[in-house]
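Here is the structure we will look at, set down as C-alpha cells.
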Amino acid sequence: MSADGKPVALVARVLLPAGMELLQAECEVREGGLDADRERVLELAAGVTAIVTDPTVPVDDELLDAAGEGLRVVANFAVGTDNVDLEACRKRGIPVTNTPDVLTNATAELTLALTAAAARGTTGAEADLRAGRWTGWDPGAYLGLELSGATFAVVGLGRIGTRYAELVRPLAGELLYVARSPKPGAESSLGAVRAELDEALARADVVSLHAPASPETRHMIGRPQLEAMQSHAILVNTSRGALVDTEALVAALEAGEIAGAGLDVYESEPDVPEALVAAPRVTLLPHIGSATYRSRDGMARTAAQNALAVLRGDEPPNRVV
Ligand code: NAP
C-alpha cells in the first residue's frame, strides 16, 4: 500500500493511456518504462500490490519474491501467458489474468496479410525493386501461390485461429484444422475439417499456427514436419516463436522444401537469427500481430480492469489461474 492507503501497481514497462488512466484512478503507479532492464523491474517491484506486465517480462519466482507478500495480482498485457510462471503464481495464490478477445481480429488480419505476402513473395520482390535489381516485367519471374482455392490448415482453432479461418473461408478450397478436441461449431459454420497434424501438413497449401507456446507445442514444426509439407506450400506463424524450430525452417527454405514463410514471432525476441533474415522467400514482421489502435487500447483497458477487479476483491474478467 502507498502512504495514502492506495494499492501500488507496478507497470513493468509501459501501459497505454486507456489502461493507465484507469489504474491511476485507484492506484499509485510505478512505471518501469520501455527500457526497464531486469534489475530496474525487480527494484520497482518491492512492496507492490499488482504487477501489470507484457510478454517481454518473465514473471517468475525472482520477481514474485521481489514484490513480496502484499502482491495480489499479475495482469499480463497479452493473451499468451508463456512469460508467466503460472505454477509459481498458483502456489502463492496469486491470480494471473490476460487480454483475450480484444486482439483476436487484429491478429487474425495480420496473419492474413502475412499469408498473402508469403504466398506471393512480396518481401523479396519489393527488396529487388528498392535495390534497383528489377529490370522489367518478366513472365517467368516472381511466381507465387494463388490463395483462391487453396487448402488452408489452421493449427490451433481457438479465438485467433477461428477468426483467421473465417477471414480465409471465402478464399479457401478446403479448410483443415488441427486441434486437441473437435470444434463442431467451426465444422458446421465454416465447413472446417479436423485432421491430424501430419495429414494437414501433407495436404495444405497454407499452414498457419495459432496454438499457444507450451511444452507440448514447442518445436511442433521441426524438420520432419517441414519435410511433410508440399514444396509449393507456405508456413505462417503469428502465435509464438517457440512453435517452430528456426534452424529447421531456415534449412527447409534454403533447400526449397517449402515455398515460403511469413513470421511475426521468434524464438528469442527481439533477436532474429541472421540466417533467417538471409533466408529466401520469408516475410518477417516485428511481433505486431495485435498492433492496431483498437486492439492495443482494448488490451490496455482489459489489463487494467483485470488488475483492479482483483484489488477490489472481485473475480477478474480474464483469469488464467
Ligand atoms: P486460444 O483461444 O486459447 O486458442 C489457442 C488454441 O490452441 C486453443 O483452441 C487450443 O486448444 C489450441 N491448442 C493448444 N495446444 C494445442 C496443440 N498441441 N495442438 C493443436 N492445438 C492446440 O488463444 P488465442 O487468443 O487464439 O491466441 C493464440 C495464441 O496467439 C496466443 O497464445 C499467443 O501466443 C498468440 N498471439 C500472438 C499475437 C501476436 O502479436 N503475434 C497476438 C495475440 C496472440 P483447445 O481448444 O483444445 O484448448
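Residue numbers for the sequence shown follow the working numbering, so the first one is 11 and each next one is one higher.
Think of the CB as a built atom: it goes at the ideal place given N, C-alpha and C, for glycine as much as any other residue.
As the structure is a computational prediction, the values presented were derived from the model and not from experiment.
When you compare each of Ala252, Leu122 and Asn108 to Val89 by their alpha carbons, which one comes out closest?
-> Asn108
Proximal residues to Leu1 (C-beta, below 6 Å), its chain only, five neighbours per side dropped = Any answer about residue 1 is impossible in this case: the structure gives the chain only from 11 up to 331.
Heavy atom of ligand 1 less than 8 Å from the Cβ of Asp71, yes or no?
-> no
Nearest to Leu81 by CA position, among Arg213, Arg102, Pro65 and Val188, is which residue?
-> Arg102
Could you give the residue range of the beta strand (DSSP E) that holds Thr59?
-> From DSSP, Thr59 is part of no beta strand (DSSP E); its letter is neither H nor E.
Within its chain, find whatever has a CB closer than 8 Å to the CB of Glu325; leave out the 5 residues flanking it on each side and keep chain order.
-> Ala319
Would the beta-carbon of Gly150 be found less than 8 Å away from any heavy atom of ligand 1?
-> no
For Ala46, decide whether its Cβ has a neighbour in chain D, counting only Cβ atoms nearer than 9 Å.
-> The structure shown has no chain D; it contains just one protein chain.
Would you check if there are 3 or more beta carbon pairs closer than 8 Å linking the region 127-142 to the region 277-296?
-> yes
Residue closest to Thr227, alpha-carbon to alpha-carbon, out of Ala210, Ser249 and Gln240 = Ser249
Test item: CB-CB of Lys193 and Ala182 under 9 Å | Not in contact: Lys193 and Ala182 (Cβ atoms no closer than 9 Å).
Among all the DSSP beta bridges, which residues are the ones paired with Ile244?
-> Val216 and Gly270
If you measure from the CB of Leu113, is any heavy atom of ligand 1 nearer than 8 Å?
-> Checking the Cβ of Leu113 against ligand 1 gives yes.
If you scan the region 153-181 from start to end, which runs of the beta strand (DSSP E) of 3 or more residues do you find wholly inside it?
-> 162-165
Indicate whether Thr63 and Arg100 have their beta-carbon atoms separated by less than 9 Å.
-> No, they are not a contact pair.
DSSP-derived helix/strand/coil call for Asn108 = coil
Residues in its own chain within less than 7 Å of Ala135 by CB, not counting five upstream and five downstream?
-> Residues of the same chain with a CB within less than 7 Å of the CB of Ala135, apart from the 5 flanking positions on each side, are Tyr152 in chain order.
Spell out the partners DSSP gives Arg190 in its beta bridges.
-> Paired residues: none, contrary to the question.
Residues near Val67 by beta carbon distance below 7 Å, same chain, minus five either side = Contacts found: Ala22, Arg23, Val51 and Asn93.
Beta carbon of Asp304, beta carbon of Val164: below 9 Å?
-> Contrary to the premise, residue 304 reads as Arg rather than Asp in this sequence. No, the Cβ-Cβ distance between Arg304 and Val164 is not below 9 Å.
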